[in-house]
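Structure, as structure tokens:
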Amino acid sequence: MSNLFEEVHREYTLFRNRDALSPHYIPSHLPYREDEIRLLSQKIAPILSGKKPENIFIYGKTGTGKTAVTKKVLNDLNEYAERKGLPVKGLYINGRMYDSEHKVIMRLVKMLVPSAELMGYSTSSIYDMLMEDVDRRERRLVVALDEIDMVKRVGDLIYRLNRANDELERGSISIIGISNNPLFKDRLDARTKSTLCEVELVFPPYNAEQLRTILKERVEEAFHKGVVEEDAISLAAAYAARNAGDARYALQVMLRAGDIAEEEGAKKVGREHVERARRLVEEDIVYEMISTLPEQHRLLIAALASMIVKGVGVETFGKGKVITSGMLYSNYKRLAQERGITPVSDRWFREYLNELETYGIIEVHVAGKGFRGNTRLIELIPDAKKIVSLMERGVI
Ligand SMILES: Nc1ncnc2c1ncn2[C@@H]1O[C@H](COP(=O)(O)OP(=O)(O)OP(=O)(O)O)[C@@H](O)[C@H]1O
Ligand SMILES: [Mg+2]
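Heads up: the sequence shown is residues 68 to 463, going by the working numbering.
Set out below in structure tokens:
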């Protein structure tokens, strides 16, 4: 009998290094981010002379290079400090994975003292371990908290990490907070905000021309020479430019286009592969955003999307149809009953709306004139049709 893998094992013929398009790959060269890289490293540089750098807040839309730039700067910092024998360390933590004060502090200690046993200890005792280690080794730390808006009660975390500097006789802790959420900063209380945002760095979106250059460099690494047609790169760049200048989107489209071409045994990656890839990537994005949410949140989005697709809503002057929170709540309750799920109370419903707004999936506006009392209008950010089509296929 033939081996199963005889059939499925194929050597890539188009890709040279497919990983160069993966989201985890950090390219050695980041075009159009030279200024941001220089500024960030200049702001951190005092740490090398024993001074505590200011805290920094980095903000910019998704796929503008915030994570890539920060990781690159911290990698260089660590490499330099090690070479010079300085007790300086840049630590990167992603708030999506470490989403509470406890998890973040625990992760910090784990990175500094890999042998530490932390199970069962309270946040305060782990924090004491952190302080003890920083003090004893006279460490100067830069803690980058990426996707910081995902960390619950982030104000407490920032307060504690920052207060460390008053308590420490030797050593220091500086924070780099990173977020793509335009609401995040304004929701912080005044004290946390002024602590975190001592320096602010805004990453602008890339335009089509910049995306083309970025893509071209990555394509050269990822594919064999001459495999990807020039106008395929331009098309992917144009799509990404329309999608808020998101470089991740451009890279995903290119990766998918390569896979499609590879699968059908094509010799080149052309425009038609990019077009097909785009549809797949857009579905992926909506799916990723929604599939990881808890059941009640998904239900709420499903209710909202189906209302939009059916054209349900209140007619307003100039704004087209809008959906009020009251209408959404009754539709949500109906959908919950249909699916045999107990709907949540009005209070929790409002809480979930807040959370969805924090995640950037909906926007809530105060209705104002012509509406009753504190009526709120709900706007869905992703494309409603795509959500409904995922629902119909039973995916969400
Ligand atoms: N200037 C650049 N040159 C080359 N690749 C880039 C550049 N900017 C971003 N990228 C690539 O685009 C992808 C997205 O970038 P990155 O993850 O840094 O975005 P981000 O701003 O952190 O987005 P998010 O807010 O969604 O986390 C990564 O694969 C990154 O390597
Ligand atoms: Mg990022």
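For glycine and all other residues, C-beta sits at the position ideal for the given N, C-alpha and C. Quick caveat, the model's predicted, so the values are computed rather than measured.
Note down the Cα distance separating residue i from residue j, rounded to an integer number of angstroms.
i: I245; j: E73; result: 46 angstroms
i: K110; j: M164; result: 27 angstroms
i: I125; j: D213; result: 9 angstroms
i: P113; j: E430; result: 41 angstroms
i: N229; j: I193; result: 16 angstroms
i: I327; j: D253; result: 43 angstroms
i: K156; j: F270; result: 24 angstroms
i: G127; j: C264; result: 14 angstroms
i: T359; j: G117; result: 43 angstroms
i: G293; j: E330; result: 18 angstroms
i: I215; j: I225; result: 10 angstroms
i: R237; j: L115; result: 14 angstroms
i: G312; j: N247; result: 13 angstroms
Identify, in the order they occur along the chain, each residue of the same chain with its Cβ nearer than 8 angstroms to the Cβ of residue i, setting aside the five sequence neighbours on each side.
i: K283; result: I300
i: V341; result: A299, L302, A303, Y306, V320, M321, A324
i: Y159; result: T137, K138, L141, A211, D213
Would the beta-carbon of residue i be found less than 7 angstroms away from any heavy atom of ligand 1?
i: G244; result: no
i: E214; result: yes
i: K156; result: no
i: Y99; result: yes
i: Y126; result: no
i: A314; result: yes
i: R285; result: yes
i: I281; result: yes
i: L318; result: yes
Are residue i and residue j close, meaning C-beta to C-beta below 8 angstroms?
i: E168; j: M198; result: no
i: V353; j: L457; result: yes
i: A304; j: A344; result: no
i: R207; j: D200; result: no
i: N122; j: S239; result: no
i: L185; j: V171; result: no
i: E362; j: I428; result: no
Buried or exposed: which applies to residue i, given that a residue is buried once 16 or more other Cβ atoms fall within 10 Å of its Cβ?
i: S182; result: exposed
i: L81; result: buried
i: P249; result: exposed
i: Q277; result: buried
i: T262; result: buried
i: I93; result: exposed
i: A441; result: Rather than Ala, the amino acid found at residue 441 in this sequence is Asn. Label assigned to N441: exposed.
For ligand 2, I want to know if residue i counts as a neighbour, meaning its beta carbon is within less than 7 angstroms of at least one of the ligand's heavy atoms.
i: K133; result: yes
What residues in its chain sit with their C-beta under 7 angstroms from that of residue i, if we drop five residues either side in the sequence?
i: V376; result: A451, K452, V455
i: G132; result: L97, R100, F270, A314
i: V389; result: G380, V381, T383, L444
Go through its chain and collect everything with a Cβ distance to residue i's Cβ below 6 angstroms, but skip five positions before and after it.
i: F416; result: Y396
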